[in-house]
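As numbered in this note's numbering, residues 49 to 317 make up the sequence shown, in order.
Even glycine gets a Cβ: it sits at the ideal position worked out from N, Cα and C.
No experiment lies behind these values; they were computed from the predicted model shown.
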Amino acid sequence: MTTDRKPARQASWDVLVDAPADAVWEALTTGEGIANWFPPVASTSGEGVGSGVTFSWGEAMTWTSNVSEWEPGRHVQWMDDAAHMGPGATLVADWTIESEGGKTRVRLVQSGFGDDIAWDGFFEGTDIGWRYFLINLKRYVEDHRGRNRMMAWRRITCGIPREAAWKHLGQSLAGSAGFAAGDVVSLRVGDASVPARVEMVVPLRAMAFRIGGLANSLLFIELEGGAEFGVGIYLSVYDPAAAAQVEPAFKAQLESLSASLAGPQAAAP
């Protein structure tokens, strides 16, 4: 068992969800549940150890993890052959859930196995993603369970410095890049400005908003990569009427952001 070995690198995250454990378990172990907070498309080949979970962000980013641990209602583990990281590399995502004061604590421990593997860059790259996805998991289970997510997203190649891109995104979306987690801002989504709560800020790296003015939709923006980077923009909407209302204008907004982030005109918005 990979879990009998000592990991070369490990990181953990957790979130408290105001919902019963069975609701969280469903979100972690069914294709429909996973697709409502992690990738836009997910499927499972069954239940229990030996089954598989397929995650997809499109043809260029699709993979299948093996279920290596399974304790119904409490514990599930995904294991990946991480050969792209180096010979013998294995990546494990270990999920545990437990009741806590009438709520449910969800804990993820990610472990990289394989000596002489450059895990540091990989873990630094996935830290922000997992922090956001746990927020998305919480919001889905608490606010939108039983609904299906409609997602609009784009990855943009950025041609301006990171500091300029961060400032431009903050000013274009919220009037300023000086907000902090917990702040309420007027967020530009499509062709309207709506109230939104800042759920997460990692300066120069990522920002996330819960959009109360759009049926508690979620907007996540990440500046992905190092010296050469791109911008990922992901809007998750769970209300069909809200999705129909915002979709055309949000697509136009993505086009405008793509153009401005590609050139020097974004440096001085």
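Range covered by the alpha helix (DSSP H) that runs through Glu172: 167-187
Give the secondary structure of Pro251 by DSSP, where H, G and I count as helix, E and B as strand, and everything else as coil. coil
Contacts around Gly44, its chain only, beta-carbon distance under 6 Å, and the 5 residues preceding and following it disregarded: The requested residue 44 is not part of the displayed model; the chain covers only 49 to 317.
Going by DSSP, which residues form a beta bridge with Lys54? DSSP lists no partner for Lys54.
Taking the straight line between their C-alpha atoms, what separation do you get for Pro296 and Ala130? 38 Å
For Ala316 and Ala212, what's the separation of their Cα atoms in angstroms? Confidence is the limiting factor: at Ala316 the pLDDT is only 46, short of 50, which leaves the residue's position unreliable, though a coordinate-based value still follows. If you take the alpha carbons of Ala316 and Ala212, they lie about 8 Å apart.
Might you give, ordered along the chain, the residues of its own chain that have their beta carbon closer than 8 Å to the beta carbon of Ser234, omitting 5 neighbours on each side? Ala222, Gly223, Ser241, Val242, Pro243, Ala244
Among Ala200, Gly274, Phe170, Val189, which one has its Cα closest to the Cα of Gly106? Ala200
What does the Cβ neighbour count give for Thr152, buried or exposed, with the cut at 16 atoms within 10 Å? buried
To the nearest angstrom, how far is it from the Cα of Glu272 to the Cα of Glu117? 31 Å
Looking only at C-alpha atoms, which of Leu302, Gly162, Asn114 sits nearest to Thr205? Leu302
From Val115, Phe171, Gly121, residue whose alpha carbon lies closest to that of Trp61: Phe171
Determine the contact status of Leu309 and Gly207, defining contact as a CB-CB distance below 9 Å. yes
Bridge partner(s) assigned by DSSP for His123: Glu119, Thr144
Flag Asn114 as yes if its beta-carbon sits less than 9 Å from any beta-carbon of chain D, otherwise no. The question asks about chain D, but that chain is absent: this structure has only one protein chain.
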